[in-house]
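If you're matching them up, the sequences are chains A and B in order.
Start counting the first sequence at 11; every next residue gets the next number (this note's numbering).
Start counting the second sequence at 50; every next residue gets the next number (this note's numbering).
C-beta atoms are modelled at their ideal positions from N, C-alpha and C, and glycine is treated no differently.
Keep in mind that this is a model prediction, so the values were computed, not measured.
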Amino acid sequence: MTDSNLFVVKNVSKRFGATLANNNVSLTIKKGEIRGLAGENGSGKSTLCSIICGIHQKDEGSMHKWGQPYAPTSPIDANSKGVAMVVQELGIIETLSVAENIFLGKTAQFTKRGLLSVEQMNKAAAQELKKWGLDDIDAHTKAGQLSIEQRKLVELVRALSVNPEVLILDEISQALSHDKRELLYRLIDKCTDLGMTIIVVTHDIHEMLELTDSITVLRDGSVVGTVESKDLTESELKRMMVGRELSESLYRNDEQENQGGEVVLSVSQLSDAKLRDISFELRRGEILAVCGLSDGGTHELGEAIFGIRENRTGSVVANVSGKQLNKPIDVIKNRGAYVPKDRDDHGLMLNASVRDNLLVPSARRLAALKNAFGFIAPKRVRALTKEAVDTMSIKTHDANIQKVGSLSGGNKQKVSLAKWLVQNLDFLILDCPTRGVDVGVKGYIYEKMLEATKEGLAILMITEELAEAIGMADRILVLKDGAAVRTFTRSEGFTEEKIVEVMM
Amino acid sequence: MLRKIDKSLLMSVVILVLVLVVFQITTKGNLLTKRNLLNIINQSLTTAIAGLGLIFVAAMGGTNITAGVVAATAGVIAVTVARTAFALTFPAAMAVGLLFGLFLGFVNAVFKVPSFMASLAILIAGRAAFVWYVSSRIIFAPMDILALNKLEYKIPILALLTILIGYILEYTPFGNYVKAIGENENAVKFMGINVRRYKIWAYALSGIMFGIAGIFLIARSGGASHTMGTGMEMQVMMALFIGGVPVQGGTGTRIFKLLFGAPLIVLLENGLVLSGTSGPMTQLVKGLALLAIVYLSVRLNKVERLREPKEQLASSPGLS
């Protein structure tokens, strides 16, 4: 193979302050190949991607694309050199239309004498969307009105609109549910048919093996090795990523459901714009998983129970106190809590310390008088912080000072869960508790969930990963079009086929 | 390793030392005399008291630019009340401030009018009403009020208020909630905390403190004309930001930063005047100083961000 068919990264290093994010990284990708980048949170995958697509500049090393030196100075520069990327976090501007988002920074082509032809741009956007089989998205609508999934797909179309030769997808599927992932895979197939070279980053090991031709594994900023995907099993890949043997299964290994104790939460005939007449009971010590397609209403169910959706009908009762739960504050007062799916925007204060993130939800409980002006003894805050950091083994150099935003994804999620787990609640609603978290931490979170249920916590786990529901739940509630269609119990044996069948 | 709090404090210390050294030279040693220092403390007291109220609003990332008009209104009403019942001076001023604060809080939290615009509206309308009421009169303060203009009274009162506000800000759920709102309002909502209620309380507290500041304002000047308190709101905001309170609010909001910023802003003005700078020039320098400081504080935050490890940074959305 000659150089003109290769994308080469050679001895690239990148340092952020004291951290060496990429250490002498080298890789060679063939034209038309789908290459996966695997590694735990903080292993340097995202840094490498952002160097390739021009967001960051490398400190050392060189890159060559099809035999030519390649050194992008910005994402726009990278675009013009045929490299585009879809970033991990949402990079869409909600107040702009879909068309404006697609052609952001590239509107010159529709501009005549300083005036932008919106009509031309919308037309071009509609064409792009159609080309990739996404005609259900209207180019005129404001991006803010789209679902999270649709926004992610718009970002993908934006990247594709520059006709890239190399396309980088960083954790794109984590925002997508089962059926939309299928759509994404078809899109990726189409891209490779067109001769594109694709670099994929994903935490979903199964997906990684299915999708890629070969995988480069990174650990602590360095390349561990590159292997052919077809020669690899899931456990081998995990071992390469973590650098040690992981216990066989991430999940629990019993086949019998926990029947649960007393009922702690009763939901009956819950309806709103997206939900239809949902009723169920949640018992002490059980994990009830909620699954469904992307428009099935699973996330809406969590939000509705927590009381942040408007015009809800039906009832949600905390059985221990017998109180009706209408607003978030009712849930908190009656020993419940909710962990939102969007960790960074809804779950955490990224710029505040680990300590402050743990303190705020417990503030009233820690105060001497149980009101807003009661004294919170620093001793109690220290004890709370220590307990949370120890029990969830949050990796932080100083919980009092380190900002949550500077923690890795897995540790952020640990903080997000720890702030409620330390409170010994009756019930906890978790929306995608392991989203964007690497396998090591994933297993750890499952372990902690099981520990908490043994102490009597009831968990309602909303999930987009069937494997997670099958692996962890006592019961699985399947939603379809906002209605509960079926509940499976663990002892009858969960299988993916059975569940998918009722979902569709 | 320098961390955020240390850094913003360091910034303030550097500025203070710089200002002291430069002015000590340009005023030929007249800056650091006992008389002038007492004068500086005296002048910064009202700003500090008003700042103690504004700090809750600043912690939420909001603004309340009604300090001047609230202090003036409260001051005038307080002296009117003081003529008949001196004991009611403070309650009256606090009640006036409370009403202003509640109104602003309500408009901001319930009707979602941005705090800057809502307080600007109150400032304009309130000032108009005040000018109309006072017109060309001078409303003199009675002797009881004038007697308050002594450092022996003012310093203990400031100390007491500082301890109280410091306690609320650092050691109570309320204080932690307002700082959390400044960090991420959405996250606070998802913790089941009644954001609306605490926002209104924060504005109410700021109003109460503005009211108290009004008493000392009128005590120092001896009476009120229709221009009383103009420009005070900017002085108070500058005191907070120059002391290192983050412009966007959040957990970096600390009480000692205000106690640092209030004399610093007065010192800046005082030093310029003593150096023989003209009035307009003093304002010009003040404005430029504020710009420089806010830039520095934003800049410091940015440096902090660049130090964050890879995952966080790499995911910053770029245009692709």
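Residues that residue 298/B contacts on chain A, provided the C-beta gap is smaller than 9 Å:
Counting from one through the second sequence, the residue named residue 298/B turns up at place 249. Close partners of residue 298/B in chain A (Cβ separation under 9 Å) are lacking, with about 10 Å as the shortest Cβ gap.
Residue 71/A, DSSP secondary structure in three states:
For the purposes of this step, residue 71/A is identified with residue 61 of the first sequence, where counting begins at 1. Residue 71/A falls in the strand class under three-state DSSP.
So with Cβ pairs under 9 Å, would you call residue 356/A a contact of chain B?
Mapped onto the first sequence, residue 356/A falls at position 346. It does; some Cβ of chain B falls within 9 Å.
Assign residue 348/A to one of two classes, buried (16 or more other C-beta atoms within 10 Å of its C-beta) or exposed (fewer than that).
Here the question's residue 348/A lines up with position 338 in the first sequence. With 16 or more Cβ atoms within 10 Å of its Cβ, residue 348/A is classed as buried.
If you draw a straight line from the C-alpha of residue 114/B to the C-alpha of residue 264/B, how long is it?
Sequence index remark: in the second sequence, residue 114/B carries index 65 (1-based). Sequence index remark: in the second sequence, residue 264/B carries index 215 (1-based). Between the C-alpha atoms of residue 114/B and residue 264/B there is a straight-line separation of about 18 Å.
On the premise that residue 223/A lies in contact with residue 245/A, defined as a C-beta separation below 8 Å, what is that separation, rounded to the nearest angstrom?
Residue numbering aside, residue 245/A sits at position 235 when the first sequence is read from its first letter. Residue numbering aside, residue 223/A sits at position 213 when the first sequence is read from its first letter. The pair is not a contact, with the Cβ atoms about 20 Å apart (cut-off 8 Å).
Should residue 57/A go down as buried or exposed, given a rule of 16 or more other Cβ atoms within 10 Å for buried?
Within the first sequence, the letter at position 47 stands for residue 57/A. Note on residue 57/A: 16 or more other CB atoms within 10 angstroms of its CB, so buried under the neighbour-count rule.
Chain-order list of residues whose beta-carbon lies under 6 Å from that of residue 209/A (same chain, five-residue window excluded):
Residue mapping note: residue 209/A aligns to position 199 of the first sequence, counting from 1. If you ignore the 5 residues before and after residue 209/A, its C-beta comes within less than 6 Å of the C-beta of 45 and 178, all in its own chain and listed in chain order.
Are any of the Cβ atoms in chain A nearer than 9 Å to that of residue 160/B?
The count along the second sequence starts at 1 and reaches residue 160/B at position 111. No, because no Cβ of chain A sits closer than 9 Å to the Cβ of residue 160/B.
Chain-ordered neighbours of residue 384/A on chain B, where CB pairs are closer than 8 Å:
Indexing the first sequence from 1 puts residue 384/A at position 374. Near residue 384/A (Cβ distances below 8 Å), the residues of chain B are 221 and 222.
Could you name the residues of the region 202-217 of chain B whose beta carbon sits closer than 9 Å to any beta carbon of chain A, in the order they occur along the chain?
Cβ contacts with chain A come from 216 and 217.
Whole angstroms is fine: what's the gap from residue 68/B's alpha carbon to residue 244/B's?
On the second sequence, position 19 is the one that residue 68/B refers to. On the second sequence, position 195 is the one that residue 244/B refers to. Cα to Cα, the separation comes out at about 40 Å.
Only counting the same chain, and skipping five residues up and downstream in sequence, which positions put a Cβ closer than 6 Å to that of residue 402/A?
In the first sequence, counting from the first residue as 1, residue 402/A sits at position 392. Counting only Cβ-Cβ distances below 6 Å, and skipping sequence neighbours, we find 424 and 428.
Please list, in chain order, the residues of the region 228-246 of chain B that have any C-beta partner in chain A closer than 8 Å.
Correct list: 228, 229, 232, 233, 235, 236, 237, 238, 239, 240, 241, 242 and 243.
Mind listing, in chain order, the continuous alpha helix (DSSP H) runs of no fewer than 4 residues lying wholly within the region 265-323 of chain A?
Those alpha helix (DSSP H) runs which fall completely within the region 265-323 of chain A and span 4+ residues are 308-316.
Using a cut-off of 7 Å between C-beta atoms, extract the partners of residue 361/A located in chain B.
Against the first sequence, residue 361/A aligns to sequence position 351. The contacting residues are 232 and 299.
When the Cβ atoms of the region 271-284 of chain A are set against those of the region 409-418 of chain A, are three or more pairs found closer than 8 Å?
Contact fails: fewer than three Cβ-Cβ distances are below 8 Å.
Does the Cβ-Cβ distance between residue 112/B and residue 314/B come in under 9 Å?
Translated into the one-based positions of the second sequence, residue 112/B becomes position 63. Translated into the one-based positions of the second sequence, residue 314/B becomes position 265. Against a cut-off of 9 Å, the Cβ pair of residue 314/B and residue 112/B comes out as no contact.
In terms of DSSP beta bridges, what is residue 471/A paired with?
In the first sequence, the residue the question calls residue 471/A occupies position 461. Beta-bridge pairing links residue 471/A to 299/A and 440/A.
Taking only beta-carbon atoms, is residue 79/A less than 9 Å away from chain B?
Along the first sequence, one-based indexing puts residue 79/A at 69. Not one chain B Cβ lies under 9 Å of residue 79/A.
Residues, ordered as in the chain, of the region 328-346 of chain A that lie near chain B by beta-carbon distance below 9 Å:
Residues passing the 9 Å Cβ filter: 337, 338, 339, 340, 341, 342, 343 and 346.
Among the residues of its own chain, which have a CB less than 8 Å from the CB of residue 380/A, if the five just before and after it don't count?
Translated into the one-based positions of the first sequence, residue 380/A becomes position 370. Around residue 380/A: 374.
Any Cβ of chain B within less than 9 Å of the Cβ of residue 428/A?
Walking along the first sequence from the start, residue 428/A turns up at place 418. No, residue 428/A lies away from the interface with chain B (no Cβ there is under 9 Å from its Cβ).
Who are the near neighbours of residue 294/A in its chain, counting only those whose CB is closer than 7 Å to its CB and skipping five residues on each side?
Mapped onto the first sequence, residue 294/A falls at position 284. Result list for residue 294/A: 270, 271, 272, 274, 466 and 468, in chain order.
Should residue 309/A go down as buried or exposed, given a rule of 16 or more other Cβ atoms within 10 Å for buried?
Along the first sequence, one-based indexing puts residue 309/A at 299. Classification of residue 309/A: buried, given that the 10 Å Cβ count is 16 or more.
CB-CB under 8 Å to residue 140/A, same chain, minus the five flanking residues each way: which ones, in chain order?
Against the first sequence, residue 140/A aligns to sequence position 130. So the list is empty, once near-sequence residues are dropped.
Indicate the three-state DSSP secondary structure (helix, strand or coil) for residue 173/A in the structure shown.
The count along the first sequence starts at 1 and reaches residue 173/A at position 163. When secondary structure is reduced to three states using DSSP, residue 173/A falls in the coil class, being assigned neither helix nor strand.
Does the distance from the CB of residue 261/A to the CB of residue 477/A come in under 9 Å?
Along the first sequence, read from residue 1 onward, the residue named residue 261/A stands at position 251. Along the first sequence, read from residue 1 onward, the residue named residue 477/A stands at position 467. The Cβ atoms of residue 261/A and residue 477/A sit closer than 9 Å to each other.
Thinking residue 289/B and residue 310/B are a contact (beta carbons under 8 Å), I'd like their distance in whole angstroms, please.
Sequence index remark: in the second sequence, residue 289/B carries index 240 (1-based). Sequence index remark: in the second sequence, residue 310/B carries index 261 (1-based). Right, the Cβ-Cβ distance comes to about 6 Å (below 8 Å), so this counts as a contact.
Between residue 88/A and the rest of its own chain, which residues show a CB-CB distance below 6 Å, the 5 nearest in sequence each way excluded?
As a working mapping, residue 88/A is identified with position 78 in the first sequence. The residues are 63, 64 and 82.
Own chain, CB closer than 7 Å to residue 268/B, minus 5 neighbours either side, in chain order:
The residue labelled residue 268/B in the question sits at position 219 within the second sequence. Cβ within range, chain order: 190, 194, 195, 197 and 198.
Under 8 Å by beta carbon: chain B residues contacting residue 377/A
Start at 1 with the first residue of the first sequence, and residue 377/A comes out as number 367. Per Cβ cutoff of 8 Å: 221 and 222.
Cross-chain neighbours of residue 364/A in chain B, by beta carbon under 9 Å:
Position 354 of the first sequence, counted from the start, is the residue given in the question as residue 364/A. Correct list: empty, because the minimum Cβ distance to chain B is about 11 Å.
Consider the Cβ of residue 226/B: report whether some Cβ of chain A lies at a distance smaller than 9 Å.
Numbered from its first residue, the second sequence carries residue 226/B at position 177. Yes - at least one Cβ of chain A is within 9 Å of the one on residue 226/B.
Does residue 370/A come within less than 9 Å of chain B when only Cβ atoms are used?
Residue 370/A sits at position 360 when you count from the first residue of the first sequence. With its beta carbon less than 9 Å from one in chain B, residue 370/A belongs to the interface.
Tell me residue 180/A's beta-bridge partners as DSSP assigns them.
On the first sequence, position 170 is the one that residue 180/A refers to. Answer is 211/A, bridged to residue 180/A.
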